[in-house]
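Chains as they are written, first to last, in our numbering: chain Z, 39 to 429; chain X, 39 to 429. A short worksheet on the structure shown next.
There are 2 protein chains.
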Amino acid sequence: MKKTVLTIISLIFATSIFAQFGGPPRLVSPEIDGNNVTIRIRAPKAIKVELNGAFLPVQEVETPMGRMSRPMPVEMKEGDDGVWEYTAKDVVPDFYTYTISVDGVSMLDPNNLKVLRNGQNMSNYLIVPGEKSELYLEAEDQKGTLLKVWYPSPAFGANRRMYVYTPYGYGETNKKYPVLYLQHGGGGDEDAWSSLGRARQIMDNLIAQGKAEPMIVVMPNASPNQLASPDVLEPIPGPSLFGQDMESDEFHAGGAYTKSLVEDIIPYVESHFDVIAKKEGRAIAGLSMGGIYTLYTTARHPELFDYIGVLSMGFTPGRDAKAELTPIKDAGYELYWVGCGETDMAYDNAERLLKALDELNMEHTYFDKVGGHTWDTWRVCLKEMAPLLFK
Amino acid sequence: MKKTVLTIISLIFATSIFAQFGGPPRLVSPEIDGNNVTIRIRAPKAIKVELNGAFLPVQEVETPMGRMSRPMPVEMKEGDDGVWEYTAKDVVPDFYTYTISVDGVSMLDPNNLKVLRNGQNMSNYLIVPGEKSELYLEAEDQKGTLLKVWYPSPAFGANRRMYVYTPYGYGETNKKYPVLYLQHGGGGDEDAWSSLGRARQIMDNLIAQGKAEPMIVVMPNASPNQLASPDVLEPIPGPSLFGQDMESDEFHAGGAYTKSLVEDIIPYVESHFDVIAKKEGRAIAGLSMGGIYTLYTTARHPELFDYIGVLSMGFTPGRDAKAELTPIKDAGYELYWVGCGETDMAYDNAERLLKALDELNMEHTYFDKVGGHTWDTWRVCLKEMAPLLFK
Chain Z
39 MKKTVLTIIS LIFATSIFAQ FGGPPRLVSP EIDGNNVTIR IRAPKAIKVE
89 LNGAFLPVQE VETPMGRMSR PMPVEMKEGD DGVWEYTAKD VVPDFYTYTI
139 SVDGVSMLDP NNLKVLRNGQ NMSNYLIVPG EKSELYLEAE DQKGTLLKVW
189 YPSPAFGANR RMYVYTPYGY GETNKKYPVL YLQHGGGGDE DAWSSLGRAR
239 QIMDNLIAQG KAEPMIVVMP NASPNQLASP DVLEPIPGPS LFGQDMESDE
289 FHAGGAYTKS LVEDIIPYVE SHFDVIAKKE GRAIAGLSMG GIYTLYTTAR
339 HPELFDYIGV LSMGFTPGRD AKAELTPIKD AGYELYWVGC GETDMAYDNA
389 ERLLKALDEL NMEHTYFDKV GGHTWDTWRV CLKEMAPLLF K
Chain X
39 MKKTVLTIIS LIFATSIFAQ FGGPPRLVSP EIDGNNVTIR IRAPKAIKVE
89 LNGAFLPVQE VETPMGRMSR PMPVEMKEGD DGVWEYTAKD VVPDFYTYTI
139 SVDGVSMLDP NNLKVLRNGQ NMSNYLIVPG EKSELYLEAE DQKGTLLKVW
189 YPSPAFGANR RMYVYTPYGY GETNKKYPVL YLQHGGGGDE DAWSSLGRAR
239 QIMDNLIAQG KAEPMIVVMP NASPNQLASP DVLEPIPGPS LFGQDMESDE
289 FHAGGAYTKS LVEDIIPYVE SHFDVIAKKE GRAIAGLSMG GIYTLYTTAR
339 HPELFDYIGV LSMGFTPGRD AKAELTPIKD AGYELYWVGC GETDMAYDNA
389 ERLLKALDEL NMEHTYFDKV GGHTWDTWRV CLKEMAPLLF K
């Protein structure tokens, strides 16, 4: 019997036996106690350990782009056994990323398995439960499927990767679902809306609560120099968006991405999933660069989408906003939703969009109860916009 | 124009502007130059930086389980600008995990986005290209879809998560696919075969090269105290496998997992995917604890599977191996595949399995060109076994 128990111990911990038998016990980090968040790390030889977290107190700082408010790093305190600790008190319920800096080396919290990637940078995340964050937590019971799909893209001349969310119960009946095509921003990729944006959890919760129509959400990769996120495939040679002339007609036609969306992605989705393949069953939305793609894809293909969402974006000064919007007005639409806060660096652009919508008497919904050009804004936008789609 | 360029720079790097404008340039790490692997990390204040990688030279060491050969950590050397570096020469082409220890704090390589989780531990990984590793790299062209599915499990009384791989081209015709049900080991979860096991890449490559039949691969979570991997949901209260009596009949009936596989998972897969819902279209395989589930699920449900794969497992001394295998012999099968190396701690168990198969004159394939009880062994096993399925 003793031998059997040893065998099974061995089998289970074979790959991490040294950590299990040799090392000190795992720390609880993060520890979330009501609104207090404690981060811990074992670093007995360190001189200075700092915590860099979105949940820390905000200060005004000078940046290359002017004065900005941002959470400032704090020093952690060393306690027994070389364990450093910091408790942030009265943290507002929300979704937060953080990293730890040990003697100047930025690293992840080794005791927190909740990890995400923002472009080229990794961080941990945590959720302080409460009203604002409740849709970011896993839904109690019914959760949808997330697919990582490689689809042929003749427009790019290669197979590319996108994420597709199908709601719980999809495929159990003959029901056809509407589809939201949801674009990331510059520097992001097909993973961003699911990881940073909590799109699956938000949709699971909204659908489970009866607040949003069950829908499919398609999250493509909109970066011209990527076939998939950079953790999976190295970027391909050729220009990224960076440095392109935002005033050019080519840029505003959306280039290869809009072509790919219309010629590759939508036909793929409509031939592989049970969807309502009509204007009334299609929504498009995007943030920042994805907002640009949304603006110009809908202007050039006003026959495709009844629901339009522009997040943290609008028209640059050089564009004729009314000329861009008129085809959409003429074709008709069900919802034109704009989400942008006054502290968002894209606010001037959003104002130009809102002004043109007003001047054309185009009905629209403007949501301004959000902050800057950050994922906090975009998660809130998805929560607000999704319930209005397909209704 | 200048303003436009600044705007777009801002939009793209909004979330990481401080890292981009303030910090030093990113390092190339890992750098893989032929068979030489260089790891770099910037840590100007560190006293001692060590590299812990599966590609480092192996030494014999004393462990709580006796003398074992394992790669030993090496010291990295500090060069200019506080950048520490180590080059491992003549590394055998393969898939390797690694971490870096900065003054005793184990951390990920901040310049490598390739990250995986093994149970409770995170590490980076890299692939040195060559004959052994070529199936671990992304397939050139056609890649299958990976689905993260939440399915209802009445046997567990909750929704649980599994991964499902569908090959490239799935869903484009009326073709029905065979299914491999692939189980992880103790301490693992539904993510393990895809991340540590490179299952998608291996299957993509084998199928693209015409070496394996296009098949669906279902990778459930077989841990009784998890509804999903621990990065997504905290383990639920109740016993994990650890500490159960491996000689008990209850254990050998597979407990809730075998019940769930037969009553929940197979019916879900067969009603949601285009599959050959017959014995000839079903394979089951598993490693270590998943090998135990494979042994006892097939013994108790010999009518279900024509293809059986037992990796790094076999019968413990207390079991009547022939009694367990006889129902499978009587029901008939196409393939009984056993993969285990002589240095594997489960080798004695595998020997008992092989001996009983011999004594019963049951045709079987034994693959022994593998090492210990590690993911290296299981990746090789999948490469060897998959081409024999459904043929």
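Built from N, CA and C at the ideal position, the CB exists for glycine as well. These figures come from a predicted structure and were not determined experimentally.
Taking 8 Å as the cut-off, decide whether the C-beta atoms of residue 331/X and residue 372/X are in contact.
-> Against a cut-off of 8 Å, the Cβ pair of residue 372/X and residue 331/X comes out as no contact.
Under the three-state DSSP convention, the category residue 54/X falls into | At residue 54/X the pLDDT is 39, less than 50, meaning the model places this residue with poor confidence; the figure from the coordinates comes in the next sentence. Of the three classes helix, strand and coil, the one that applies to residue 54/X here is helix, per DSSP.
From 70/Z, 111/Z, 363/Z, 93/Z, residue whose alpha carbon lies closest to that of residue 99/Z | 111/Z
Quick one, which of 174/Z, 390/Z, 186/Z has its alpha-carbon nearest residue 241/Z's?
-> 174/Z
If we cut at 8 Å on Cβ distances, does residue 183/X have a partner in chain Z?
-> yes
How long is the line joining the alpha carbons of residue 312/Z and residue 215/Z, rounded to whole angstroms?
-> Cα to Cα, the separation comes out at about 6 Å.
Which of helix, strand or coil does DSSP assign to residue 236/X?
-> coil
Inter-residue Cα distance where the pair is residue 58/X and residue 226/Z | Because the pLDDT at residue 58/X is just 39, under 50, the model does not fix this residue reliably, and the point stays unresolved.
Classify residue 115/Z as buried or exposed, calling it buried when 16 or more other Cβ atoms lie within 10 Å of its own Cβ.
-> exposed
Would you please state the rounded distance, in angstroms, between the beta carbons of residue 354/X and residue 296/X? I believe it to be under 8 Å.
-> With 8 Å as the limit, residue 354/X and residue 296/X do not qualify as a contact, their Cβ atoms being about 17 Å apart.
In chain order, what residues of the same chain have a beta carbon less than 6 Å from the beta carbon of residue 349/X, not counting five sequence neighbours either side?
-> 325, 329, 377, 416, 419
Assess, as a yes-or-no matter, whether the segment 119-133 of chain X is touched by the segment 78-87 of chain X under the definition of 3 or more beta carbon pairs within less than 8 Å.
-> The segment 78-87 of chain X, when compared against the segment 119-133 of chain X, does touch it at the 8 Å Cβ threshold.
Cutoff 8 Å: residue 370/Z Cβ touching any chain X Cβ = no
What is the rounded straight-line gap between the Cα of residue 443/X and the Cα of residue 104/X?
-> Lying outside 39 to 429, the shown extent of chain X, residue 443/X is not represented and no answer is given.
Count the other C-beta atoms from every protein chain shown that fall within 10 angstroms of the C-beta of residue 228/X, then say buried if there are 16 or more, exposed otherwise.
-> Counting every other CB atom within 10 Å of its CB across the protein chains shown gives residue 228/X a total of 16 or more, marking it as buried.
Grouping DSSP H, G and I as helix and E and B as strand, with all else coil, what is residue 305/X?
-> helix
Any idea what DSSP makes of residue 115/X, helix, strand or coil?
-> strand
Which residues share a DSSP beta bridge with residue 413/Z?
-> Note: residue 413/Z sits in no beta bridge, so no partner.
Between residue 235/X and residue 401/Z, what straight-line distance do the alpha-carbon atoms span, to the nearest angstrom?
-> 52 Å
For residue 198/X, which of 62/X, 74/X, 257/X, 127/X has the nearest alpha-carbon?
-> 257/X
Compute the beta-carbon to beta-carbon distance between residue 146/X and residue 137/X, rounded to the nearest angstrom, for a pair I have assumed lies under 8 Å.
-> 6 Å
Taking the C-alpha atoms as reference points, what is the distance between residue 159/X and residue 194/Z?
-> 38 Å
With a cut-off of 8 Å, does the C-beta of residue 310/Z fall near any C-beta of chain X?
-> yes
Which residues in the same chain as residue 177/Z place their Cβ atom closer than 7 Å to its Cβ, once the five residues preceding and following it in sequence are excluded?
-> Closer than 7 Å at Cβ, skipping near neighbours: 239, 242, 243, 246.
Is residue 300/X helix, strand or coil by DSSP?
-> The three-state reading of DSSP puts residue 300/X in helix, counting H, G and I together.
Across which residues does DSSP place residue 375/X in a beta bridge pair?
-> 347/X, 403/X
Report the rounded CA-to-CA distance for residue 69/X versus residue 164/X, giving the unit in angstroms.
-> 9 Å
Within its chain, find whatever has a CB closer than 7 Å to the CB of residue 89/X; leave out the 5 residues flanking it on each side and keep chain order.
-> 77, 111, 112, 114, 124, 136, 138
Return the residue from the list 184/X, 126/X, 196/X that minimises the CA-CA distance to residue 91/X.
-> 126/X
Opposing strand residues paired with residue 390/X [DSSP bridges] = Per DSSP, none; premise fails for residue 390/X.
List the endpoints of the continuous beta strand (DSSP E) containing residue 137/Z.
-> Counting along the chain, the beta strand (DSSP E) containing residue 137/Z begins and ends at 133-140.
Please check if any C-beta of chain Z sits within less than 8 Å of the C-beta of residue 152/X.
-> yes
At a Cβ threshold of 8 Å, is residue 252/Z touching chain X?
-> no
Could I get the ranges of all uninterrupted beta strand (DSSP E) runs contained in the segment 138-183 of chain X, with 3 residues as the minimum, in chain order?
-> Counting only runs of 3 or more, we get 143-145, 153-156, 159-165.
Taking residue 155/Z as the reference, give the member of 269/Z, 203/Z, 108/Z with the closest Cα.
-> 269/Z
CB-CB length for residue 253/X against residue 218/X, believed under 8 Å | Indeed, because the Cβ distance is near 6 Å, the residues count as touching under 8 Å.
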